[in-house]
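In what follows, a structure is listed as structure tokens, so that the remarks can point back to it.
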Amino acid sequence: MTATAGKESFMAQAPQLAAAMPWLDAASALQKDNAENWIKALRSTGAESFAQTGLPTPAWEGWQYTNLRALNPAKFHYTSEPVKFDATKIPAPLLGTHRIVLVNGQYQPSLSSLPTHVTVMSVMEAAEKKVEGLEEQLVTLGDLAQMPLVALNAAYTRDGFVMQVARGKDVTEPVEVLYYNAGREAAAYPRVLYKLGENSGLAVIERHCGEGEYLANSYAAISLESASRMRFYRFEEESDKAFHFSHVTVQQQKDSSFEGFSLASGGRLAREEFRLQLIDKAISSSIGGTYLMRGQQSHDFTVLADHFEPDGKSVQLFKGVVDDQARAVFQGKIHVRRSAQKTDGYQSHHALLLSATAEASAKPELEIYADDVKCSHGATAGQLNPEALFYLRSRGIPLSDAKSLMVESFLAGAIEKVSHEQVRDIYLARVSAWLAGRGA
182 MTATAGKESF MAQAPQLAAA MPWLDAASAL QKDNAENWIK ALRSTGAESF AQTGLPTPAW
242 EGWQYTNLRA LNPAKFHYTS EPVKFDATKI PAPLLGTHRI VLVNGQYQPS LSSLPTHVTV
302 MSVMEAAEKK VEGLEEQLVT LGDLAQMPLV ALNAAYTRDG FVMQVARGKD VTEPVEVLYY
362 NAGREAAAYP RVLYKLGENS GLAVIERHCG EGEYLANSYA AISLESASRM RFYRFEEESD
422 KAFHFSHVTV QQQKDSSFEG FSLASGGRLA REEFRLQLID KAISSSIGGT YLMRGQQSHD
482 FTVLADHFEP DGKSVQLFKG VVDDQARAVF QGKIHVRRSA QKTDGYQSHH ALLLSATAEA
542 SAKPELEIYA DDVKCSHGAT AGQLNPEALF YLRSRGIPLS DAKSLMVESF LAGAIEKVSH
602 EQVRDIYLAR VSAWLAGRGA
């Protein structure tokens with residue numbers, strides 16, 4: 182490269198660098214702590230990557246429908262100091278189960294309780310104790326240059342926790358993980374690892390909520406050893422002024438199973454990404470979701486099921502409702518590598534628009550290199566069936582009740598796939614409450 186070309190390259194990058202640097206101010210100060218060398222290296226890698234890219238724009242592949250223009254780096258502030266909060270505002274558990282509490286991303290042992298055979302510790306404590314496989318499993322998989330918000334999370338690697346389930350143990354009671362954000366324009370970057378030993382089982386309920394305006398940018402790695410089983414249920418109920426970004430990577434070994442589901446109803450702008458990696462034989466993996474959007478909310482589900490070896494099965498099933506001027510996005514992909522013969526992949530997305538100004542965008546994809554597979558995908562968007570609505574009203578059902586019945590029936594097609602009965606009932610209750618608040 183000539184000197185002139187090098188100067189032109191730097192000038193081309195200058196706007197991105199200038200835009201990215203305010204986001205990294207606190208990250209550079211964080212490097213002065215006594216973290217393990219690999220954590221400092223992860224932070225540096227994340228910061229360097231984000232400094233080169235900045236926040237993604239609609240010109241980026243995969244970000245055409247989600248605009249981050251409203252994000253202002255001067256507004257959100259990260260601190261490693263212990264967060265101050267009013268403990269009386271912490272919501273009660275959903276099921277009265279054991280739970281882990283994080284406030285602004287920081288693990289709160291005094292507010293947490295654990296079942297037998299489960300251990301939890303902060304990321305920094307786990308690194309200090311050199312938990313086996315921690316470095317390999319907590320380091321981001323994939324190209325950070327293609328995942329700027331994950332890179333930004335890596336630059337702030339400190340908060341969060343590591344959960345381990347002992348080999349051969351089946352934890353019968355769900356463990357609730359509460360991500361509570363105390364507002365005050367805080368930025369939270371928790372990094373989490375769920376590690377299930379061979380032939381173990383666990384159900385996790387993640388609840389994301391808070392008050393006021395804040396930025397929540399989380400990364401979770403899920404490691405499932407052979408024949409382990411995980412049910413992963415999420416409630417994205419952030420405040421109406423919040424920005425929510427989350428990335429979940431699931432790595433599955435032979436004969437393991439994963440069931441995931443997310444109900445999204447909160448946040449000003451939210452994007453949930455799931456990357457399912459079926460890296461061995463005979464793996465079952467499913468992810469589903471429901472979104473309830475109103476006002477000017479925006480939500481994006483982005484999903485990848487990546488099949489590496491034969492006899493794997495993956496399911497993606499999403500249904501959502503959009504009202505007012507809200508916007509919903511679904512981007513789903515099934516990737517079948519050449520070695521992944523006899524793959525069974527299914528993907529479906531359906532949106533219901535309740536107003537003329539609501540929007541739903543879908544981008545379903547199949548990328549298949551094997552020749553002995555069974556894969557399908559489909560996407561629809563529409564409005565309430567006027568004939569069905571007329572039929573209900575002709576039976577004496579008021580208009581608002583008729584609409585609610587139709588919406589509930591539509592969404593139940595996705596929620597009924599949730600295998601945990603109590604969690605399924607909570608999801609259905611959330612839908613009913615949302616409809617009641619809408620005055621459908």
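Counted the way the numbering used here counts, the sequence shown spans residues 182 to 621. Just so it is clear, CB atoms sit at the ideal spot from N, CA and C, and this is done for glycine as well. Remember, it's a predicted structure, so these values are computed and weren't measured experimentally.
Next item on the list: In the DSSP assignment, find the unbroken alpha helix (DSSP H) run with E316 in it and report its ends.
Entry: 315 to 319
Check: Buried or exposed: Q603, going by 16 or more other Cβ atoms within 10 Å of its Cβ?
Finding: The residue is exposed, with fewer than 16 neighbouring Cβ atoms inside 10 Å.
Note to self: If you follow the alpha helix (DSSP H) that Q345 is in, where does it begin and where does it stop?
What the structure shows: Taken as a continuous stretch (DSSP letters only), Q345 belongs to no alpha helix (DSSP H), being part of the beta strand (DSSP E) at 341 to 346.
Note to self: Give me the DSSP bridge partner(s) of F413.
What the structure shows: V385, G441
Check: For G393, does the three-state DSSP call read helix, strand or coil?
Finding: coil
Check: For E418, which three-state DSSP category applies?
Finding: In the three-state reduction of the DSSP assignment, E418 falls in the strand class.
Note to self: Under 6 Å: does the beta carbon of H558 sit that close to some heavy atom of the ligand HEM?
What the structure shows: Among the components of this structure there are no ligands whatsoever, and the ligand HEM is therefore not found.
Item checked: Exposure of T353, with buried meaning 16 or more beta-carbon neighbours within 10 Å -> exposed
Check: Does the Cβ of G501 have 16 or more other Cβ atoms within 10 Å, making it buried, or fewer, making it exposed?
Finding: buried
Notebook entry, point to check: For Y375, is the classification buried or exposed, using 16 other Cβ atoms within 10 angstroms of its Cβ as the cut-off for buried?
Noted result: With at least 16 other beta carbons inside 10 angstroms of its own, Y375 counts as buried.
Note to self: Assuming K350 and G393 are in contact, meaning their beta carbons sit under 8 Å apart, how far apart are those beta carbons, in whole angstroms?
What the structure shows: 39 Å between Cβ atoms; not a contact.
Margin query: Could you give the first and the last residue of the continuous beta strand (DSSP E) run that contains S466?
Written below: 465 to 474
Margin query: Could you pull the DSSP bridge partners for G375 from this structure?
Written below: Checking the sequence, you will find Tyr at residue 375 rather than Gly. Answer is M344, I403, bridged to Y375.
Note to self: Taking 6 Å as the limit between beta carbons, can you name the residues of its chain near E540, skipping five residues before and five after?
What the structure shows: Contacts found: R508.
Notebook entry, point to check: Mind checking A186: buried by the 16 CB within 10 Å criterion, or exposed?
Noted result: Confidence in A186 is poor, its pLDDT being 43 and thus under 50, which makes the residue's placement too unreliable to answer from.
Next item on the list: Answer with buried or exposed for E419, where buried requires no fewer than 16 other C-beta atoms within 10 angstroms of its C-beta.
Entry: E419 is buried by the Cβ-count criterion.
Checklist line | Given 8 Å, three or more beta-carbon pairs between the segment 448 to 461 and the segment 293 to 303 | finding: no
Next item on the list: List the residues that DSSP assigns as beta-bridge partners of G501.
Entry: Under DSSP, the beta-bridge partners assigned to G501 are Y472, A532.
Margin query: Rounded to whole angstroms, what is the Cα-Cα separation between T379 and L405?
Written below: A small fix is needed here, since residue 379 is Glu in this sequence, not Thr. Cα to Cα, E379 sits roughly 8 Å from L405.
Notebook entry, point to check: Can you find a C-beta in chain E that's less than 7 Å from the C-beta of E597?
Noted result: Checking the listed chains, one finds no chain E in this structure; it contains a single protein chain.
Checklist line | Beta-carbon proximity list for R456, same chain, < 6 Å, skipping 5 on both sides | finding: Here the set comprises T430, L485.
Check: Based on the DSSP output, what are the partners of P545 in its beta bridges?
Finding: Under DSSP, P545 takes part in a beta bridge, and its partners are G513.
Notebook entry, point to check: Of all the options L616, D525, Y550, which has the alpha carbon lying nearest to the alpha carbon of S581?
Noted result: L616
Notebook entry, point to check: Roughly how many angstroms separate the alpha carbons of Y550 and R519, rounded to a whole number?
Noted result: 5 Å
Check: Which first and last residues belong to the beta strand (DSSP E) in which Y360 is found?
Finding: That run of the beta strand (DSSP E) goes 356 to 362.
Notebook entry, point to check: Counting Cβ pairs, one atom from each stretch, are 3 or more of them under 8 Å apart for the segment 406 to 416 and the segment 382 to 396?
Noted result: yes
Note to self: Counting C-beta neighbours from all protein chains within 10 Å, is the total for F499 16 or more, i.e. buried, or is it exposed?
What the structure shows: So F499 ends up on the buried side.
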